[in-house]
Amino acid sequence: MNFSVIYPIQLFTRQHRFQSLHWRLRLLLGGMFLLTLLTIGIGVYFFVAGYEQNNWQGRQQEAARHAAITVGDFVRNARNAMQIVGTLGLEELNHNPDEIRRVLQVNPALLEIVYLDNQGHVLGKAAQSNEVLASLFTIPQSRWFLEAKKQNFFLGEVQVSSDNKPYLIMALPANGGILAARLYMQILWDVVADLRFGEKGNAYVLNADGLIIAHSQPNYATAHINLGERPEIAAILKSTDPMPSNTYTNFEGETVVSVAHPVQETNWMVITELPQSEAFSVSRRALAVLAGGLTIFGLLIMAVSSYYLRQMVVNPLENLRAGAERIGQGDLGYTLKITQLDEVGEVAATFNLMAQRLRDREEALRHAYDEMELRVQERTAALAEANQDLRAEIGVRTRTEDALRDSVTRIRLIADNLPALIAYVDADQYYRFVNKRFEEWYVTNDMVGKDLRTVAGEAGYESIQAYVKAALNGVETVFEYSRRYPDGQLRYVQISYIPHFAPDRQVLGFFTLVQDLTAFKTAEEQVKASLEEKVVLLKEIHHRVKNNLQVISSLLYLQSEKVRDQQLREILQDSQNRVKSMALIHEKLYQAKDLARVDLGEYIRNLASYLLRAHSTQKADVRLYIHAEDIFLGIDTAMPCGLIINELVSNALKHAFPNGKPGEIHIDLNTEQNNLFCLNVWDNGIGFPAAIDFQNTPSLGLQLVNTLVHQLDGAIELHRNGKTQFTIHFAEVK
78 MNFSVIYPIQ LFTRQHRFQS LHWRLRLLLG GMFLLTLLTI GIGVYFFVAG YEQNNWQGRQ
138 QEAARHAAIT VGDFVRNARN AMQIVGTLGL EELNHNPDEI RRVLQVNPAL LEIVYLDNQG
198 HVLGKAAQSN EVLASLFTIP QSRWFLEAKK QNFFLGEVQV SSDNKPYLIM ALPANGGILA
258 ARLYMQILWD VVADLRFGEK GNAYVLNADG LIIAHSQPNY ATAHINLGER PEIAAILKST
318 DPMPSNTYTN FEGETVVSVA HPVQETNWMV ITELPQSEAF SVSRRALAVL AGGLTIFGLL
378 IMAVSSYYLR QMVVNPLENL RAGAERIGQG DLGYTLKITQ LDEVGEVAAT FNLMAQRLRD
438 REEALRHAYD EMELRVQERT AALAEANQDL RAEIGVRTRT EDALRDSVTR IRLIADNLPA
498 LIAYVDADQY YRFVNKRFEE WYVTNDMVGK DLRTVAGEAG YESIQAYVKA ALNGVETVFE
558 YSRRYPDGQL RYVQISYIPH FAPDRQVLGF FTLVQDLTAF KTAEEQVKAS LEEKVVLLKE
618 IHHRVKNNLQ VISSLLYLQS EKVRDQQLRE ILQDSQNRVK SMALIHEKLY QAKDLARVDL
678 GEYIRNLASY LLRAHSTQKA DVRLYIHAED IFLGIDTAMP CGLIINELVS NALKHAFPNG
738 KPGEIHIDLN TEQNNLFCLN VWDNGIGFPA AIDFQNTPSL GLQLVNTLVH QLDGAIELHR
798 NGKTQFTIHF AEVK
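This is the structure:
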């Protein structure tokens, strides 16, 4: 079998020479050289520009400083001349009036000097030509006079006299008076005009307000040009120190670089400006020469690099490509010639080694193919045997599925015939199983696959959402629920959610069991209505019994009021109290929520208060103390207890405190062990007679007490230890 294979190779055809490796390498080398030359050129340019900038900045700063010194000397000389006049004094000037004129003669920068007192009167004067200051009528209101009067040195603005001479007024305090002079500005202008640096450099002087005092072009000074509103000039005027180099467009519209220097002893500032084009002219020429030289040098380097690149890299790579193409087309016997011992030669050797390995691999593949044929035959036989086993397993699985299907059918039959609704909801809240009754209630037969929210509706889902979340969290939930189902019936149901757990305790879903409680709820409502009706009836009975007993009590009271016999009146009053105690029981019952039980503690407090009020006319100084727990007892127990307390308290009020003797009566009711109760009624009166047996006495009250204790199946004791105390132990009557 022949395994020689010709592999299809789609050769790459260059559409443009710039896509070749040769041109890409040339472009790469050219770019690297260009980047290098640009870096060198930019470095040289910035070096030249920096050197040039430092050079002209130094010259310009020196020029500004020199100009400031010159202007300062001009002002200082004029000021010194004025101070000489100030040192002469008034007497000396009066004696030698020509002294001021001699000062003017030796100082041609001063056009006029005036010596004034503090009221503005001229004390001495001299002028080289026309007098201006001495002839002013508004000297006291003049600004220069007012500033000098404040002991300030004043320098005014540039003005022009009638004889066309520019001047400014300078004033200063001197020897109790004021000296003022007109400073001849043409001299200062000539000084400023002589300040030259560069071909087009200018210098000018500004006062504190930004007005031009002196300029290389004098007409700017007489035009009263104010530069103080320009931001760059305003920043310069705010400084009291020399300002370094600054670049801006001046008021003539030209971009300049400037240096500013303050004039000492004045508020003036000297500014020197040089056009930016002149300042950087050397840098621009250097940049042009450098660009041309680097371009020529770069082209030369590119030509030399391209020649050596073709000889050393491109041609060997082309030979390598042709050989690799033959090997790629299946000529594994071809061997590349190695002509140079460099990286290209190493690649050629690698291709030769690769061809040898491919030849070896082809031989190995031939042997592998033979072995593969043998293995395929063996595997085919094994698969046939496995197929037979698989068919048997499929038969078993089919029978299992049939049995499972039968089991599901039986479960479905059982679920459909149960009286409850049964469903299964998965973890995503989709129905996966519902029985027949479930579909009947919801009037549908396609609930499987629908989500719980859609089936229950938004309102219904909101009411059961918390229970659904609990079931999906693994908590079995049972709750009652009422709604009108899709079949139109309003039902009360009990719903149980039973979680379905995987072996790893993960909740897969939950079973839903719905039981119809509508009939039970209807019967329960009927029982509740009947019970409420009986409660109303029972309250009405207690109310009527209480009213009847109250009528009897009132009749006994009316009868006792008409009886003159005191003993008979007391008998009637005792009967009235007994009836009142029974009426009070029924009153408490129809007022209470529990119609079968009485709060005995509250009942005792109300009964005792009534008895104390009933005997208040005879026993005004007797105090009643009640210590009773809140014990609830039925009427069969509470009624005897009330009658017993009525008899014992009434006996104490009648017999224990004769002749208005003061005292105390105590009633204590406590709970004991074994569901027993203890009732104590005692007083601190004269005491119970020792000769009388309270259990065998003709007194109706004590006979009634013993009878009632026996009725309660209790026990009564009498204690005479300094007080009369009846103790009764009893249990609730069942």
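Quick note: the sequence shown uses our numbering, first residue 78, plus one each step. C-beta atoms are modelled at their ideal positions from N, C-alpha and C, and glycine is treated no differently.
Between the C-alpha atoms of residue i and residue j, what's the straight-line distance to the nearest angstrom?
i             : j              : result
threonine 332 : tryptophan 345 : 23 Å
aspartate 194 : leucine 232    : 19 Å
arginine 438  : proline 393    : 28 Å
arginine 136  : arginine 142   : 10 Å
alanine 767   : glycine 719    : 26 Å
aspartate 770 : asparagine 783 : 12 Å
glutamine 196 : glutamine 228  : 14 Å
serine 631    : threonine 804  : 32 Å
histidine 338 : glutamate 329  : 21 Å
glutamine 236 : histidine 172  : 33 Å
alanine 480   : alanine 600    : 45 Å
alanine 808   : glutamate 602  : 37 Å
glutamate 423 : glutamate 395  : 15 Å
aspartate 760 : histidine 692  : 16 Å
leucine 585   : asparagine 494 : 26 Å
alanine 377   : lysine 414     : One detail in the question is off: residue 377 reads as leucine in this sequence, not alanine. Those two C-alpha atoms are separated by around 34 Å.
serine 81     : alanine 445    : Note that serine 81 has pLDDT 44, beneath the 50 cutoff, so the model's placement of it is unreliable and no number is given.
arginine 452  : leucine 467    : 22 Å
Starting from the C-beta of residue i, find all residues in its chain whose C-beta is less than 8 Å away, skip the five residues before and the five after it, and write them out in chain order.
i              : result
asparagine 207 : Ser238, Ser239 and Asp240
tyrosine 411   : Gly400, Arg403, Ile404 and Ala432
threonine 774  : Gln780
For residue i, report the span of its beta strand (DSSP E) as first-last.
i             : result
glutamate 189 : 187–193
glutamate 51  : The first residue shown for the chain is 78 and the last is 811, placing residue 51 beyond what the model contains.
valine 180    : Where valine 180 is concerned, there is no enclosing beta strand (DSSP E), although the alpha helix (DSSP H) it sits in stretches over 176–183.
aspartate 790 : Premise fails: aspartate 790 is in no beta strand (DSSP E) and is neither H nor E.
Note down, in chain order, each residue of its chain lying with its Cβ closer than 6 Å to the Cβ of residue i, except the 5 sequence neighbours on either side.
i              : result
arginine 682   : Ile703
alanine 792    : His806
methionine 431 : none
valine 268     : Thr147
cysteine 755   : Asn747, Glu749 and His806
tyrosine 297   : Ile289
leucine 789    : Pro717 and Phe807
For residue i, which residues of its own chain have a beta-carbon under 7 Å away from its beta-carbon, when the five flanking residues on both sides are left out?
i                 : result
alanine 715       : Ile662, Val675, Leu677 and Tyr680
alanine 158       : Val180, Asn184 and Leu187
proline 496       : none
aspartate 698     : Gly737 and Pro739
asparagine 79     : Residue placement at asparagine 79 is poorly supported in this model, since its pLDDT is 45, which falls under 50; the coordinates still yield a value, given next. Contacts found: none.
alanine 548       : Thr554, Tyr574, Pro576 and Phe587
phenylalanine 734 : Lys696, Val699, Gly740 and Gly762
I want to see whether chain C comes within less than 8 Å of residue i, judged by CB atoms only; does it?
i           : result
leucine 688 : The chain labelled as chain C is not found in the depicted structure, where only one protein chain is given.
Please report the Cβ distance between residue i and residue j, rounded to the nearest whole angstrom; I am assuming they are in contact, meaning their Cβ atoms lie under 8 Å.
i             : j                 : result
leucine 249   : phenylalanine 230 : 5 Å
leucine 260   : alanine 144       : Not quite, the Cβ-Cβ distance comes to about 17 Å (not below 8 Å), so this is no contact.
arginine 509  : leucine 498       : Not really, about 15 Å apart at Cβ, beyond 8 Å.
valine 570    : tyrosine 558      : 6 Å
glutamate 234 : leucine 288       : 6 Å
alanine 280   : valine 347        : 6 Å
aspartate 528 : glutamine 506     : 5 Å
valine 336    : glutamine 138     : 5 Å
Just to confirm, are residue i and residue j a CB contact at a threshold of 8 Å?
i                 : j              : result
serine 382        : leucine 106    : yes
proline 576       : glycine 551    : yes
leucine 684       : asparagine 728 : no
leucine 746       : glutamate 794  : no
tyrosine 192      : valine 162     : yes
tyrosine 519      : proline 563    : yes
leucine 397       : alanine 368    : no
threonine 349     : glycine 278    : yes
leucine 265       : alanine 291    : yes
phenylalanine 556 : valine 502     : no
proline 243       : glycine 201    : no
phenylalanine 374 : leucine 114    : yes
glycine 764       : threonine 801  : yes
threonine 589     : arginine 568   : no
Just reading off the alpha helix (DSSP H) that residue i is part of, what are its end residues?
i             : result
glycine 678   : 677–691
tyrosine 544  : 529–549
aspartate 408 : Careful: aspartate 408 lies outside any alpha helix (DSSP H) and carries neither H nor E.
aspartate 593 : Counting along the chain, aspartate 593 falls outside any alpha helix (DSSP H), though it belongs to the beta strand (DSSP E) covering 584–593.
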